[in-house]
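Count the sequence shown with mature numbering (1 follows the signal peptide of the UniProt record, and there is no 0) and you get residues -25 to -1, 1 to 598, in order. For every residue, glycine included, the Cβ atom is placed at its ideal position computed from N, Cα and C.
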Amino acid sequence: MKKAETGMSRRNFLLGLGAAGGALAMGAAGCVPKASGGTEASQGQGGETTVATGTGVGRGGEIAVKVALDGTVITSVSVVKHNENLLISDEALSRIPAEIVRTQTTDVDAVSGATLTSFGLKSAVENALANAGLSRNDLTQVAEPAIPREEPIAADVAIVGGGLAGITAAVRLVEQGKTVALFEESGHLGGCAIAAYGWLLNVDTIMEAEEGTQDSPDQYVAHLEDVAALYGEKLEYPEIARAYAENNGPMVDWLDTELNVDFGARTGGPGIYDPEEVNRIYHFNNYARSAVRTLIDKLHEGVAQGQASVSLEARVTKLLSDESGVHGVEVTYADGTVSEYEFASVILCTGGFCHSQQLQQDFGIYENVGTCNPSTAEGHGIDIALEAGCQMVLADRSASYGGGVNPLGGELRYLANLSAGGQIWVDARGKRLIKEDGTRFSQKAWDDAEHNEMFVVFSEGTLPARPIVNYFSYLEGELSPWQSKAMLDELVEGGQWAFTGETPEELAGAAGIDPAAFAQTIADFNGYCNAGSDPEFGVEDLRKLEGKLYAIKTIPYLLMARGGLRVSPKAEALDESGNPIVGLFVAGEQIGLHQYGGMISNGAGLGGATTWGYIAANTVASL
Ligand SMILES: Cc1cc2nc3c(=O)[nH]c(=O)nc-3n(C[C@H](O)[C@H](O)[C@H](O)COP(=O)(O)OP(=O)(O)OC[C@H]3O[C@@H](n4cnc5c(N)ncnc54)[C@H](O)[C@@H]3O)c2cc1C
């Protein structure tokens, strides 16, 4: 299977150990035993040891380690306390202690995707060394052993990307007797689903039937058409929306009855974009993480049976193709080595590109935009797909939401409290653009706003206790204290994201809003409050904006990609002429939600990942 391998320069100790002991990392050799209450790695040299403890700060707070020393040799590192998110940090909790023992230095590479945990562990070990009267330079150095990589098995199918789509496709294929080799660029499986809320579309499922909800693929497609019309759009690829609708029910029933995925209370609700209020949106128990865990455990069984392999920190950098189609992948490992492997079929599941500012600019989506996606959503499957002749559609559209406040830069964590009432929204021209009710269609305001920036304006009397909320706190594993008026005051002081003024003109001057137009807008709005009706936009909660005024600058943010690779109803990748590329399939957010009508309906990201993973696997299994 393996055709070529080139040794390259970058030294990365971490890759060699594989996923020692990590439940998320299947197919790896050399498990490290787990100590009770923590992870332990040992060099096993024996003799008299000193034991020192130390602490560091990880993603979830304090990490405590116990370090055993034989003179100046670390013989073991045990993690005795941590509060890390295991789905994200399992890998680091296993690998970092093992690497420190193996290399006798704390200067080891962080596990990608778990940087904070990695640094917390390293500083905890350094703290323990200091408590033992040593520094890391005092440690006895050892010769560097050869580094084994996580080699894939010779398999029928390569799966590129280990998010929800990739692991769903892998489990479904293994179940149908196929062998799969999954390649994941980061150090862990799960992708965006680790951060996701857990809403999942259901169309004609057992759970709906249990509740007496009448539903069918026809009804769902008609619903998508209706909602598209509300947006002034239409379903551009109705046959793809239909394939999605028809396969969703069997897929959800499979998760539910065959894999025993935990759906908690098993009660459906309407989507927030759903004018008919059909209760077809169900929720995984404990966000989407429980489903991810069940699928990973299932995949692990396939690995144990030799039917699957999982190569982490293994990025597919090229699809091998010729005039007859795609026949394999080129993989670049984290240690810089590059290998090529042959496969009869390749399923691309590399997700969207909502974390990539560069691609958003390249595709011309927004002038100003934030993201709440994890760093795995960089669009690292787009270039390889285009190079292999795939067709990209709707790349300039993206499902944005409004109200992002991003004082920290990087991934967005905060939103202005858009549904608090007692507020108007204006752009830099000082004009209102939309009914300010924070509901489903109000996000359009950010599309039309100058520089995509809207100012959320309150007065002292209408200011809610939580003008800014920490919406994505669970990504960090802890709640931020910044959820109050105190944060607003801090932001006003910073002068970038929030502003205040005793008069409309003063506030406008501070915020960079047209002062005359803004003063007129405030006067008009207060007049509507006096009259008891808002003839411009129909706001019902009319409270006058008087006295000291505040404005919070907000930007749109991206949750899921609307554009992606053009597919057939069977998840075959299509070329520029609309013909299937032999051997190449696509699943999940890499298809782009808009192609299957998904952006206008809740539960379409997780629904798309699982449904298209299921469709692609069924297609490939039938070849
Ligand atoms: C905060 C948040 C909340 C959300 N809530 C919901 C919700 O409630 N309901 C809903 O339906 N949707 C929700 N979504 C969207 C949903 O989580 C995603 O659409 C879905 O999980 C995408 O799955 P995926 O497998 O297609 O892609 P991803 O999860 O992006 O996975 C792709 C994987 O491929 C890997 N990869 C990329 N390029 C390569 C390469 N070249 N080689 C190897 N590996 C590669 C990446 O590292 C990544 O792990 C939410 C998203 C976010 C960010």
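Requested in this report: Provide the residue(s) that pair with K293 in DSSP beta bridges, ordered along the chain.
Outcome: Translated into positions along the sequence shown, residue 293 becomes position 318. Per DSSP, E305.
**Report entry** Buried versus exposed, by CB contacts within 10 Å (16 or more), P510
**Finding:** By one-based count along the sequence shown, residue 510 stands at place 535. Its Cβ having fewer than 16 others within 10 Å, P510 is exposed.
Query raised in the report: Considering K460, what are the terminal residues of the alpha helix (DSSP H) in which it resides?
Result: Working through the sequence shown from its first residue, we reach residue 460 at position 485. 460 to 469 is the extent of the alpha helix (DSSP H) around K460.
Query raised in the report: Within 10 angstroms of its Cβ, does K153 collect 16 or more other Cβ (buried), or is it exposed?
Result: Taking the sequence shown and counting its residues from 1, one reaches residue 153 at position 178. Buried: at least 16 other Cβ atoms inside 10 Å.
Query - Closer than 8 Å: E74 CB and nearest ligand 1 heavy atom - result: Here residue 74 refers to the residue found at position 99 of the sequence shown. Not so, every heavy atom of ligand 1 lies at least 8 Å from the Cβ.
**Report entry** Per-residue burial, N348 [other beta carbons within 10 Å of its own, 16 or more giving buried]
**Finding:** Here residue 348 is taken as the residue at index 373 of the sequence shown, counted from 1. Buried, because 16 or more other Cβ atoms sit within 10 Å of the Cβ of N348.
Query raised in the report: Bridge partners of L400, per DSSP?
Result: Position 425 of the sequence shown, counted from the start, is the residue given in the question as residue 400. One point to set straight first is that residue 400 is Trp, not Leu, in the sequence displayed. Note: W400 sits in a beta bridge opposite V431.
Query raised in the report: Roughly how far, in whole angstroms, is the beta-carbon of L524 from the beta-carbon of T475, given that I think they are within contact range, below 8 Å?
Result: What you label residue 524 is simply residue 549 of the sequence shown in a count that begins at 1. What you label residue 475 is simply residue 500 of the sequence shown in a count that begins at 1. Contact flag correct, Cβ pair sits at about 7 Å.
Requested in this report: Tell me whether the beta-carbon of E428 lies closer than 9 Å to the beta-carbon of E288.
Outcome: Here residue 428 corresponds to residue number 453 of the sequence shown, with the count starting at 1. Here residue 288 corresponds to residue number 313 of the sequence shown, with the count starting at 1. In this structure, E288 does not lie closer than 9 Å to E428 by Cβ.
Requested in this report: Report, in whole angstroms, the separation of the C-beta atoms of Q570 and Y212, which I expect to be a contact under 8 Å.
Outcome: Taking the first residue of the sequence shown as position 1, residue 570 is located at position 595. Taking the first residue of the sequence shown as position 1, residue 212 is located at position 237. That pair is a contact at about 5 Å.
Query raised in the report: Should A220 be counted as a contact of ligand 1 given a C-beta to heavy atom distance under 8 Å?
Result: Position 245 of the sequence shown, counted from the first residue, corresponds to residue 220. A220 Cβ: outside cutoff for every heavy atom of ligand 1.
Query raised in the report: In terms of alpha-carbon separation, which member of N445, R268, I215 lies closest to residue 601?
Result: Since the first residue shown for the chain is -25 and the last is 598, residue 601 is missing from the structure and cannot be characterised.
Query raised in the report: Could you give the distance in angstroms between the alpha-carbon of L334 and the alpha-carbon of L568?
Result: Start at 1 with the first residue of the sequence shown, and residue 334 comes out as number 359. Start at 1 with the first residue of the sequence shown, and residue 568 comes out as number 593. Distance between the alpha carbons of L334 and L568 is about 17 Å.
Requested in this report: Please find out if some non-hydrogen atom of ligand 1 comes closer than 8 Å to the beta-carbon of Y172.
Outcome: Your numbering for residue 172 matches position 197 in the sequence shown. Yes, the Cβ of Y172 comes within 8 Å of a heavy atom of ligand 1.
Query raised in the report: Where does the unbroken alpha helix (DSSP H) through L157 begin, and where does it stop?
Result: Translated into the one-based positions of the sequence shown, residue 157 becomes position 182. Per DSSP, L157 belongs to no alpha helix (DSSP H); it is in the beta strand (DSSP E), 155 to 158.
Requested in this report: Count the other C-beta atoms from every protein chain shown that fall within 10 angstroms of the C-beta of E59, then say buried if there are 16 or more, exposed otherwise.
Outcome: Within the sequence shown, numbered from 1, the residue matching residue 59 stands at position 84. It counts as buried.
**Report entry** Sub-9 Å separation of I271 and I142 beta-carbons
**Finding:** Here the question's residue 271 lines up with position 296 in the sequence shown. Here the question's residue 142 lines up with position 167 in the sequence shown. Their beta carbons are under 9 Å apart, which means I271 touches I142 by this criterion.
Query raised in the report: Among V380, D228, G385, which one has its Cα closest to the Cα of Y589?
Result: Working through the sequence shown from its first residue, we reach residue 589 at position 614. Of the listed residues, the one whose Cα sits closest to Y589 is D228.
Query raised in the report: V344 to W421, Cα distance in whole Å?
Result: Here residue 344 corresponds to residue number 369 of the sequence shown, with the count starting at 1. Here residue 421 corresponds to residue number 446 of the sequence shown, with the count starting at 1. Approximately 10 Å, taken between the alpha carbons.
Query raised in the report: For the stretch 530 to 541 against the stretch 275 to 282, are there 3 or more C-beta pairs whose distance is under 8 Å?
Result: no
Query raised in the report: Would you report the Cα separation of F(-13) and K97, rounded to the nearest angstrom?
Result: In the sequence shown, residue -13 corresponds to position 13, counting from 1. In the sequence shown, residue 97 corresponds to position 122, counting from 1. Caution is warranted here: a pLDDT of 19 is assigned to F(-13), below 50, making its placement in the model unreliable, and no coordinate value can be reported.
Query raised in the report: Would you say the beta carbon of C329 comes nearer than 8 Å to a heavy atom of ligand 1?
Result: Mapped onto the sequence shown, residue 329 falls at position 354. Yes; taking the cut-off as 8 Å, the Cβ of C329 has a heavy atom of ligand 1 nearer than that.
Report task. Could you tell me the boundaries of the alpha helix (DSSP H) in which I213 lies? Result -> To locate residue 213, count along the sequence shown from 1; it is residue 238. Note that residue 213 corresponds to Pro in the displayed sequence, not to Ile. Note, P213: alpha helix (DSSP H), 213 to 228.
Requested in this report: Return yes when the C-beta of N554 is under 8 Å from any heavy atom of ligand 1, and no when it is not.
Outcome: For the purposes of this step, residue 554 is taken as residue 579 along the sequence shown, with counting starting at 1. Answer for N554: no, Cβ out of range of ligand 1.
Query raised in the report: Is L369 near ligand 1, judged by its Cβ being under 8 Å from some heavy atom?
Result: Translated into the one-based positions of the sequence shown, residue 369 becomes position 394. No - ligand 1 has no heavy atom lying nearer than 8 Å to the Cβ of L369.
Report task. In the DSSP assignment, find the unbroken beta strand (DSSP E) run with D45 in it and report its ends. Result -> One-based indexing of the sequence shown puts residue 45 at position 70. Looking at the DSSP string, the run of the beta strand (DSSP E) that includes D45 is 36 to 45.
Query - Per-residue burial, R147 [other beta carbons within 10 Å of its own, 16 or more giving buried] - result: Locating residue 147 in the sequence shown gives position 172, counting from the first residue. Flag for R147 reads buried.
Query raised in the report: Where do the N-terminal and C-terminal ends of the beta strand (DSSP E) with Y389 fall, by residue?
Result: Taking the first residue of the sequence shown as 1, we reach residue 389 at position 414. Its beta strand (DSSP E) spans residues 389 to 391.
Query raised in the report: Using a threshold of 8 Å, is the CB atom of T586 nearer than that to any non-hydrogen atom of ligand 1?
Result: Mapped onto the sequence shown, residue 586 falls at position 611. No - ligand 1 has no heavy atom lying nearer than 8 Å to the Cβ of T586.
Query raised in the report: Beta carbon of L270: closer than 8 Å to some heavy atom of ligand 1?
Result: On the sequence shown, residue 270 is found 295 positions in, with the first residue counted as 1. No, ligand 1 has no heavy atom inside 8 Å of this Cβ.
Query - For D190, the three-state DSSP class (helix, strand or coil) - result: Numbered from its first residue, the sequence shown carries residue 190 at position 215. Looking at D190 - three-state DSSP - the assignment turns out to be coil, as it is neither helix nor strand.
Query raised in the report: Among the residues of its own chain, which have a CB less than 6 Å from the CB of G405, if the five just before and after it don't count?
Result: Taking the first residue of the sequence shown as position 1, residue 405 is located at position 430. Excluding residues within five positions, the ones whose Cβ falls inside 6 Å are I488, D489, A492, F493, T496.
Report task. Sort L559, N554, L581 by Cα distance to A319 and report the nearest one. Result -> As a position in the sequence shown, residue 319 is number 344, starting the count at 1. Checked all of L559, N554, L581; the closest Cα to A319 is L559.
**Report entry** Where K9 falls: helix, strand or coil (DSSP)
**Finding:** The residue you call residue 9 lines up with position 34 of the sequence shown. Caution applies to K9, whose pLDDT of 27 falls short of 50 and renders its modelled position unreliable; the model cannot decide the point.
Query raised in the report: Closest by CA to A107, which one among T47, T92, G553?
Result: On the sequence shown, residue 107 is found 132 positions in, with the first residue counted as 1. Considering only alpha carbons, the answer is T47.
Report task. Within 10 angstroms of the Cβ of N177, are there 16 or more other Cβ atoms? Answer buried if so, exposed if not. Result -> As a working mapping, residue 177 is identified with position 202 in the sequence shown. It counts as buried.
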